[in-house]
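In what follows, a single structure is set out as structure tokens and then discussed.
There are 2 protein chains.
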Amino acid sequence: MPAGFSVDEMKRVDEVVEKRRRIKQGELLFSSGETFTSLYAIRTGFFKTCVTSADGREQVTGFQMAGEIIGMDGIVSDRHNCNAVALEDAEVCEMPFASVEELSRELPGLQRHVHKIMSREIVRENSVMMLLGNMRAEERLAAFLLNLVQRLHARGLSQSELVLRMTREEIGSYLGLKLETVSRAFSKFSEEGIIEVKQRHVKIIAPEALKKIFNPQTYF
Amino acid sequence: MPAGFSVDEMKRVDEVVEKRRRIKQGELLFSSGETFTSLYAIRTGFFKTCVTSADGREQVTGFQMAGEIIGMDGIVSDRHNCNAVALEDAEVCEMPFASVEELSRELPGLQRHVHKIMSREIVRENSVMMLLGNMRAEERLAAFLLNLVQRLHARGLSQSELVLRMTREEIGSYLGLKLETVSRAFSKFSEEGIIEVKQRHVKIIAPEALKKIFNPQTYF
DNA sequence: GTTGTCACTTGATATGTATCAAAGACTATT
DNA sequence: AATAGTCTTTGATACATATCAAGTGACAAC
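Note that the protein sequences, when read in sequence, are chains A and B. Sequential numbering of the first sequence, starting at 0, is according to numbering that gives the first Met the number 0. Sequential numbering of the second sequence, starting at 0, is according to numbering that gives the first Met the number 0.
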């Protein structure tokens, strides 16, 4: 994944990948409390990560797709601090963190890459905090949809059509809303002709309108 | 800060600290968009970090005190992605990130330490997401107070008394509440004899009651 | 001591989202 | 093709927090 490596270096990075692991839909890649050993690069499939409070409330902390790295929550305490659940059949590369650290001591490019991945996660969570703390339901959903298509488009998929891998409840958990509120926001967007929704199939008709909802001030 | 170094190693870690910088109350240590060069270790004082949306809404993303590291948001894009504001006169150590990376390639202990700090921030933000997404006003404030005293106590200060360095509005921004709601929650706790509040001076009378509010299920 | 400013508290009301409830739509199983 | 189960939509109502407004208290400057 990191660019700018020689053939030899690339080979060594490849060797860090210990093995591939297949995860079926609904299964856990890792769970909270489990000993941390590895980061995982998602090759195919779609995950959610979530934390659970002592009294059982669940908060989805992110949705991850092919090419993204999960497991960094485990580094601090040598135990995972969240659950990672496959939302569709998935395949990941297991990268023992000790090997990642060892090799990144030798390859500054890899080291920098690891740092950037963790920093990106911090910055992403900052913007989720902004969503949860300041935005209204429709703004949250607009931001969520725009973020999803943008990431899917970066993977060669459509800019305008997407298939949601998660339920309304999971979207709601991520956005700090109840599933009914998510459903109503979808319906509202649909009525306004901004999107077309058919179950989990979403077609974005008016991306500009979504952006306007997400961030009204930019448009006056 | 990291333990388990030899005298020589400790000396080299010390050398990474380029210079000290004093920040007056209300001033910025760094701001969003600014070029990222360094992490900062807080020696004394108290900071908030916050992000601002395009339409001017502000979200406080954290409060940081002596011994904590800020600036990791800047690594991913070589630009800072949040503002760091001193809430009281402060002194920080500037640690050029290039030097940190260089030295941590030689000292596995330092490397691990850097990784843990970033992972800790990811995990912290996960629990803030839980707060913002699932908890009610009083639960949020209870969690906030418990977290603050716990961190202050770890620095040798009282377990039960604290002086807030931030306004009700800043607490509210962090917790996704309006300042009036924060104020009402303080008053409620005070009426119930859980805390004593006198402006920014807070005395925790019944920590168990706070813990119970934060997490009702644990107590039945 | 007086004035001004800013932070905070408290009350009344408004509003957005949650909750409760029921029905409809899709998927998987048999 | 029928059935069960899950997910989703929609309506009616409840509730927590926001908003608006006024007043109080603390601190700094003069």
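Backbone N, C-alpha and C define an ideal beta-carbon position, used for all residues, glycine too. It should be emphasised that the depicted structure is a prediction, and the values quoted were computed from it without experimental measurement.
{"Check": "Simplified DSSP state of valine 220 of chain B, which is helix, strand or coil", "Outcome": "A query on residue 220 of chain B cannot be resolved here, the shown segment of chain B reaching from 0 to 219 and no further."}
{"Check": "7 Å Cβ shell around phenylalanine 213 of chain A - same chain, five flanking residues per side excluded", "Outcome": "Glu138, Ala141, Ala142, Leu145"}
{"Check": "Complete alpha helix (DSSP H) runs within the stretch 96-170 of chain B (minimum length 4 residues, chain order)", "Outcome": "96-105, 107-133, 136-153"}
{"Check": "Listed by chain order, chain A residues near threonine 60 of chain B by CB distance under 7 Å", "Outcome": "Asn125, Met128"}
{"Check": "Buried versus exposed call for glycine 73 of chain A [16 or more other C-beta atoms within 10 Å across all chains shown]", "Outcome": "buried"}
{"Check": "Distance CB(methionine 71 of chain A)-CB(serine 118 of chain B) smaller than 7 Å", "Outcome": "yes"}
{"Check": "Those residues which DSSP pairs with arginine 21 of chain A across a bridge", "Outcome": "A:Glu90"}
{"Check": "Status (buried if at least 16 other CB within 10 Å, exposed otherwise) for serine 157 of chain B", "Outcome": "exposed"}
{"Check": "Among A:Met129, A:Arg164, A:Glu14, A:Arg21, the one whose alpha carbon lies nearest that of leucine 86 of chain A", "Outcome": "A:Arg164"}
{"Check": "Listed by chain order, chain A residues near lysine 210 of chain B by CB distance under 9 Å", "Outcome": "By Cβ distance, chain A contributes nothing, its closest Cβ being about 10 Å from lysine 210 of chain B, past 9 Å."}
{"Check": "Closest residue to threonine 51 of chain A among B:Ser126, B:Arg183, B:Leu151, B:Pro95 (Cα-Cα distance)", "Outcome": "B:Ser126"}
{"Check": "Pick from B:Leu102, B:Arg78, B:Ala208 that is closest to aspartate 7 of chain B, judged by C-alpha positions", "Outcome": "B:Leu102"}
{"Check": "Span separating the alpha-carbon of phenylalanine 4 of chain A from that of threonine 36 of chain A", "Outcome": "25 Å"}
{"Check": "Beta-carbon separation (whole angstroms), alanine 184 of chain B vs isoleucine 193 of chain B, contact threshold 8 Å", "Outcome": "Incorrect: roughly 11 Å between the Cβ atoms, too far for contact."}
{"Check": "Identity of the residue in B:Ser186, B:Gly175, B:Arg167, B:Ser159 nearest isoleucine 203 of chain B by Cα", "Outcome": "B:Ser159"}
{"Check": "Inter-residue Cα distance where the pair is serine 189 of chain B and histidine 152 of chain B", "Outcome": "22 Å"}
{"Check": "Lysine 47 of chain B - DSSP class collapsed to helix/strand/coil", "Outcome": "strand"}
{"Check": "Endpoints, the alpha helix (DSSP H) within which phenylalanine 188 of chain A is located", "Outcome": "178-190"}
{"Check": "Residue from A:Leu38, A:Arg111, A:Cys81 whose Cα sits closest to the Cα of valine 91 of chain A", "Outcome": "A:Leu38"}
{"Check": "Start and end residues, beta strand (DSSP E) containing isoleucine 204 of chain B", "Outcome": "Run containing isoleucine 204 of chain B: none; DSSP gives neither H nor E here."}
{"Check": "Where the beta strand (DSSP E) through threonine 36 of chain A begins and ends", "Outcome": "It is not in any beta strand (DSSP E) - threonine 36 of chain A carries neither H nor E in the DSSP assignment."}
{"Check": "The beta strand (DSSP E) enclosing methionine 71 of chain B, as first and last residue numbers", "Outcome": "Here methionine 71 of chain B belongs to no beta strand (DSSP E), and DSSP marks it neither H nor E."}
{"Check": "is_contact[alanine 142 of chain A, chain B] using C-beta, thresh 7 Å", "Outcome": "no"}
{"Check": "Closest by C-alpha distance to alanine 97 of chain B, when choosing among B:Val59, B:Glu67, B:Val16, B:Asn80", "Outcome": "B:Val16"}
{"Check": "Closest residue to lysine 177 of chain A among A:Ala136, A:Lys210, A:Gly155 (Cα-Cα distance)", "Outcome": "A:Ala136"}
{"Check": "Cβ pair leucine 130 of chain B, alanine 83 of chain B closer than 7 Å", "Outcome": "no"}
{"Check": "Glutamate 8 of chain A in three-state terms, based on DSSP", "Outcome": "helix"}
{"Check": "Local Cβ density within 10 Å of serine 172 of chain B, reported as buried at 16 or more and exposed below that", "Outcome": "buried"}
{"Check": "7 Å Cβ cut-off: residues of chain B touching glutamate 120 of chain A", "Outcome": "Ile121"}
{"Check": "Chain-ordered neighbours of isoleucine 74 of chain B on chain A, where CB pairs are closer than 8 Å", "Outcome": "His114, Lys115, Met117, Ser118"}
{"Check": "Within chain A, the residues that arginine 296 of chain B reaches when beta carbons sit closer than 9 Å", "Outcome": "Outside the shown range of chain B (0 to 219) lies residue 296 of chain B, about which nothing can therefore be said."}
{"Check": "Rounded straight-line distance, which links the Cα of aspartate 13 of chain A to that of alanine 40 of chain A", "Outcome": "12 Å"}
{"Check": "Three-state class that DSSP yields for isoleucine 41 of chain B in the structure shown", "Outcome": "strand"}
{"Check": "Chain-ordered neighbours of valine 50 of chain A on chain B, where CB pairs are closer than 8 Å", "Outcome": "Asn125, Ser126, Met128, Met129"}
{"Check": "Which listed residue (B:Asp54, B:Cys49, B:Gly44) has its alpha carbon closest to that of valine 122 of chain A", "Outcome": "B:Cys49"}
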